[in-house]
Amino acid sequence: MSRYRIAVIPGDGIGVEVTAPTVDLLEHLADRAGFEIAFDHFDWSCARYQETGAMMPPDGLDQIRDHDAILLGAVGWPGVPDHVSLWGLLIPIRRRFQQYVNLRPISVMPGLPGPLRDPGEVDFVVVRENVEGEYSEIGGRFSTGTAQEMAVQEAVFTRAGVTRIVDYAFDLATTRRGHVTSATKSNGIVHTMPFWDEIVRERAERQPSVSWRQEHIDALAAKLVLDPSSFDVIVGSNLFGDILSDLAAAVAGSIGIAPSANLDPERDFPSMFEPVHGSAPDIAGKGIANPIGALWSASMMLDHLGEKRSGDALLAAIRATLADGDVRTPDLGGTATTRELAAAVQEAISL
Ligand code: NAI
Ligand code: MG
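Residues 908 to 1258 in our numbering are what the sequence shown lists, from first letter to last.
Put into C-alpha cells, the structure is as follows:
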C-alpha cells in the first residue's frame, strides 16, 4: 500500500479554518481509495512570530525536507508586516525546495456566478516562474531620509531559470489544448524581457505541435477579462504570473475557490499546495470561509503524489457540489459554513 507523510502548515486566520476539513477529507479519501496518509502539523505563522520573533524555527526547512508534500493554509496577519510573513516562510520554502513552478488552474465552475456576463468556456492554467525574476533581494536604499532618497531593485533572470519554466509550460500544453501564451513587456523593459522572449522562441522548437504567441502584459491583462476562453497555458515571470493569476481567479468567480501548487518538477524536494487566497482577517473566526480553494489544492496534491484517481474524484465532487448549488458559503451567495460545504463535497465523492 502506498504511504504518504504530509507536512501541514495551517498558518493564520482562515488558513487554519480551511485546512482542518481538508485534512479530514484527505483521510476519508485515503480510506476509500486504499492508501495511507499521515499528517504532521506545524504551527508556523504570524501568531508564532508574535510570540517568538520567527515565523518558523531555524531548522524548520530540515523538519519538512523529507515529507512527501506540504499542505499550506495561508499566512499573514495584521500587525505583522506582509513582507515578514512572506520572506520568513513562503519564499524560503519555495526557494530552498526549488519549487520553481507555480501552477494555478483557472476554470469557470458550472453554476457559479462570476463577474463576467458571458465568459464562455474558461479553462486555462497560469504557469508562474516562482524562484527568481522580479522578486529578488538584490538592490538597496540610499540617502535615506534626505530629499535625494532613492531605492533600486534588480530583477534577476537566468538562462537556466527561464528555460525550465518555459519548457514546463510547453510540455504542459501538449497534455492540454496545445497553446502557450507568453507574458512579456519587451517594449518597455529592454534587458530582461527581450532575453525572456528569445528563450521562449528557442524552446518553442522542442514542441512543434504546440502553437504559441507572446503578448505584452498590459494587453494580456485586458484580454484575460475580455476573452478569457481564448487561453490554454499562460507562462509568465514571477511578478507577471503573480498578478495574472489573481486577476484570473477573480475572473473565474471567487478568490475562495482558486487553488495553486508550488512544484519541484524534479522531485528532489517536497512540493507545496495552497489555496490562492490569504488569511482573510475580515471573516476569520466566523467559520464561513470557502474551503474549495484548499480542497482543490489537495486534489492537485493527490495528482502530484500519483493518486490521480482520488484527485479526479475530489475535483469531480467539487464541481458537482458547486453545480448543485444547495450548499454555498457567503462569498458564493449562500449561508453555509466552511464545515458544511466541505461535508457536502465529501458526500459527493464517488470512488
Ligand atoms: P485575502 O485573500 O486574505 O482576502 C481578500 C478578500 O477575499 C477578503 O475580503 C476575504 O474575506 C475574501 N476571501 C479570501 N479567501 C476567502 C475564502 N476562502 N472564502 C471567502 N472569502 C474569502 O487577501 P488580503 O486581505 O489581501 O490578505 C490578508 C492577509 O493574507 C495578508 O496578511 C496577506 O499578506 C496574506 N496573504 C497570504 C497569502 C498566502 O499565504 N499565500 C496570499 C495572499 C495574501
Ligand atoms: Mg498573489
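A virtual CB, placed ideally from N, CA and C, is assigned to each residue, including glycine.
Residue environment, residue i, which counts as buried when at least 16 other CB atoms sit within 10 Å
i	result
Val1059	exposed
Thr1081	exposed
Glu1061	exposed
Arg939	exposed
Asp1139	buried
Ala1126	exposed
Pro1198	buried
Met1057	exposed
Gln957	exposed
Val982	buried
Gly1068	buried
Pro904	Shown here, the chain extends from 908 to 1258; a query on residue 904 therefore has no answer.
Met1016	buried
Gly1213	exposed
Ile913	buried
Pairwise C-alpha distance: residue j and residue i
i	j	result
Leu978	Ile971	11 angstroms
Pro1101	Ser1093	5 angstroms
Pro1172	Arg1120	24 angstroms
Arg1110	Met1208	28 angstroms
Pro1012	Gly986	32 angstroms
Ala954	Ile998	18 angstroms
Leu936	Arg1108	43 angstroms
Ala945	Asp975	10 angstroms
Thr1091	Phe1147	8 angstroms
Leu1079	His1086	9 angstroms
Thr929	Ser1050	49 angstroms
Met963	Ala1129	39 angstroms
Asp1104	Asp1030	25 angstroms
Val1032	Ser1136	11 angstroms
Tyr1007	Ile1072	7 angstroms
Leu1202	Gln1055	50 angstroms
Ser1217	Glu1181	18 angstroms
Ser1161	Leu932	22 angstroms
Asp1175	Ala1168	16 angstroms
Val915	Gly1040	28 angstroms
Ser1014	Pro988	32 angstroms
Ala1187	Ile1225	22 angstroms
Ala961	Met1179	20 angstroms
Ile1150	Val1183	12 angstroms
Ile1256	Leu1221	6 angstroms
Residue i beta carbon near ligand 4 (any heavy atom closer than 8 angstroms)
i	result
Glu958	Questions concerning ligand 4 fall outside what the structure shown contains, since the ligands it does hold are ligand 1 and ligand 2.
Any non-hydrogen atom of ligand 1 closer than 8 angstroms to residue i Cβ
i	result
Asn1197	yes
Glu1181	yes
Val982	yes
Gly1185	yes
Ser1204	no
Asp950	no
Val1063	no
Asp1139	no
Val925	yes
Thr1236	yes
Gly1160	no
Pro1020	no
Ile1190	yes
Pro985	yes
Ile1106	no
Asp1210	no
Ser992	yes
Leu979	yes
Leu997	yes
Gly1240	no
Ile1150	no
Beta bridge counterpart(s) of residue i as assigned by DSSP
i	result
Gln1121	Ser1089
Asn1169	Asn1009 and Met1179
Phe1031	Ile1013
Tyr1270	The question about residue 1270 has no answer, for the chain in this structure spans 908 to 1258.
Val915	His948 and Leu978
Arg910	Glu943
Glu1036	Val1008
Trp984	Val987
Val1143	Inspection of the sequence shows that residue 1143 is occupied by Gly rather than by Val. In DSSP, Gly1143 forms a bridge with Arg1035.
Note down, one range per segment and in chain order, each beta strand (DSSP E) of at least 3 residues found wholly within the region 1041–1087. Within the region 1041–1087, the complete beta strand (DSSP E) runs of at least 3 residues are 1046–1049 and 1057–1060.
Going residue by residue through the region 1096–1141, where are the continuous beta strand (DSSP E) segments of at least 3 residues, counting only ones entirely within it? As for any beta strand (DSSP E) of minimum length 3 sitting wholly inside the region 1096–1141, the runs are 1118–1123, ordered along the chain.
Please go through the region 1204–1249 and give each complete alpha helix (DSSP H) segment of 4 or more residues, from N-terminal end onward. If you keep only unbroken alpha helix (DSSP H) runs of at least 4 residues inside the region 1204–1249, you get 1215–1231.
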